Amino acid sequence: MVYPQAGEKPHAVCIPYPAQGHINPMLKLAKLLHHKGFHITFVNTEHIHKRLLRSQGPHSLDGLPHFRFDMIPDGLPPSDADSTQDIPSLCASLSEHGLSAFRSLLLKLQEQSQDGVMPPVTCIVSDGVMAFTVDAAEELKIPEVVFWTPSACGMLGYTKYRRLVEDGFTPLKDEALRSVGGNLWREEPGCLPWLDSKEPGSVVYVNFGSITVMTTGQLTEFAWGLANSQKPFLWIIRPDLVASESAVLPPEFVEEIAGRGMLVSWCQQEEVLKHRAIGGFLTHSGWNSTLESLCGGVPVICWPFFAEQQTNCRYSCTEWGIGMEIDNDVKRDEVEGLVRELMEGEKGKEMRKKAMEWKAKAEEAIMLGGTSYNNVDKLISEVLSSID
1 MVYPQAGEKP HAVCIPYPAQ GHINPMLKLA KLLHHKGFHI TFVNTEHIHK RLLRSQGPHS
61 LDGLPHFRFD MIPDGLPPSD ADSTQDIPSL CASLSEHGLS AFRSLLLKLQ EQSQDGVMPP
121 VTCIVSDGVM AFTVDAAEEL KIPEVVFWTP SACGMLGYTK YRRLVEDGFT PLKDEALRSV
181 GGNLWREEPG CLPWLDSKEP GSVVYVNFGS ITVMTTGQLT EFAWGLANSQ KPFLWIIRPD
241 LVASESAVLP PEFVEEIAGR GMLVSWCQQE EVLKHRAIGG FLTHSGWNST LESLCGGVPV
301 ICWPFFAEQQ TNCRYSCTEW GIGMEIDNDV KRDEVEGLVR ELMEGEKGKE MRKKAMEWKA
361 KAEEAIMLGG TSYNNVDKLI SEVLSSID
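Its first residue numbered 1, the sequence shown is counted upward by one per residue in full-length UniProt numbering.
Next up, the structure:
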């Protein structure tokens, strides 16, 4: 194990799983550590690194003093630069090739530290899905913290999955496995000015995340349900939202929503959910989206897709009182009814009240002396900077 010398910055290598919903929280944590005095090396896969350069600009990953970006190969053959990576193939490839690639990167960083380019690596912060990093950390005797990006209840569910297999509850009979992928998209800047033109609490925000896919029929039902609700809405529609084909809406739908509906491929979600015009969120219940809606005080309609999203949906709807669930077999009448209830019904008002209570709790947690504030300090003082 390498310890920082007197006056030398501790050096954390942060490596997220290569998907938008994992990169975002890891980047936030890396920024916090940088603010606390750490030198940061933020590691993406080559595919993600190149996508970020295309979406954010050629100099977006140049870094700052003591905050630099690096990359490792994901082991997959070269593909269309804008294609969605297949998650099962990506996970299998990282399991097979990730250890050697990450080990080589750490050894390179060690050599650069000996040349005085940067401080020696003193700790690793890895996404919980990137299990190979633990082996590299043990080999090179570098302390590691595993950062689990989904919800706590979702993590507990994953820890019990082995028991479901052992007891014969899964795999389910006739279970169909669908390959899904996650992309990174350029944020479209027109969303916030458009929201500025709307009344407070009047707009429904719709975003199913970076990985969810649906059928053309489901897309059409969501579209006409939103249109028939007569409520203004901002809908994020990725080009690959529809499985195996482009997401195309009928011309008559576009005509129907003129002036009250905005369709874009990606946006600054945190800023959108904080905007005064947002009154509700139709979401896939990913943990980032769930946290951001809670922090914004925004009630939700949940349409979970996979992983622990069903668990997040249950907590939003049953435990926290901020959500309503829509059936997987989505119908336009149900979409219309739930949107109307969310935006103008009595249940929607109660959900909004509960969401504002959760917003206050979230703000309290990140203030000086709050639980999240203290936990970050403990992570640094008791783990990442520990010399025991």
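Every residue, glycine too, gets a C-beta built ideally from N, C-alpha and C.
For clarity, every value in this text was computed on a predicted model and none was experimentally measured.
L106 is positioned such that its CB atom lies no closer than 8 Å to that of F132. Within the same chain, Cβ atoms closer than 6 Å to the Cβ of L32 are found at V376, the five residues on either side in sequence being excluded.
Your pair N207 and S289 checks out as a contact, with CB atoms roughly 7 Å apart and the cut at 8 Å. Taking the C-beta atoms as reference points, V121 is found no nearer than 8 Å to H49.
Between the segment 12-25 and the segment 54-65, the count of C-beta pairs closer than 8 Å stays below three; the two stretches do not touch. The DSSP-derived three-state label of Y161 is helix. Under DSSP, A12 shares a beta bridge with I40 and C123. Around the beta carbon of Q114, fewer than 16 other beta carbons sit within 10 angstroms, so the residue counts as exposed. With respect to I322, V335 sits apart: the two C-beta atoms are not nearer than 8 Å. DSSP lists no beta-bridge partner residue for D333.
DSSP places D327 outside both helix and strand once states are collapsed to three, so it counts as coil.
In its chain, beyond the 5 residues on either side, M71 have a beta carbon closer than 6 Å to the beta carbon of N44. By alpha-carbon distance to S197, the top candidate from R260, A152 and I40 is R260. Counted as a single uninterrupted DSSP element, the stretch harbouring F305 is not any alpha helix (DSSP H), since DSSP gives it neither H nor E. Considering only M118, A137 and W320, the residue with the shortest C-alpha distance to S126 is A137.
The beta carbons of K9 and P119 sit about 5 Å from each other, so the pair counts as a contact at 8 Å.
Residues of the same chain with a CB within less than 8 Å of the CB of M367, apart from the 5 flanking positions on each side, are Y373 in chain order. The three-state reading of DSSP puts Y17 in coil, since its state is none of H, G, I, E or B.
Runs of the alpha helix (DSSP H) lying entirely within the segment 233-269 and spanning at least 4 residues, in chain order: 251-256.
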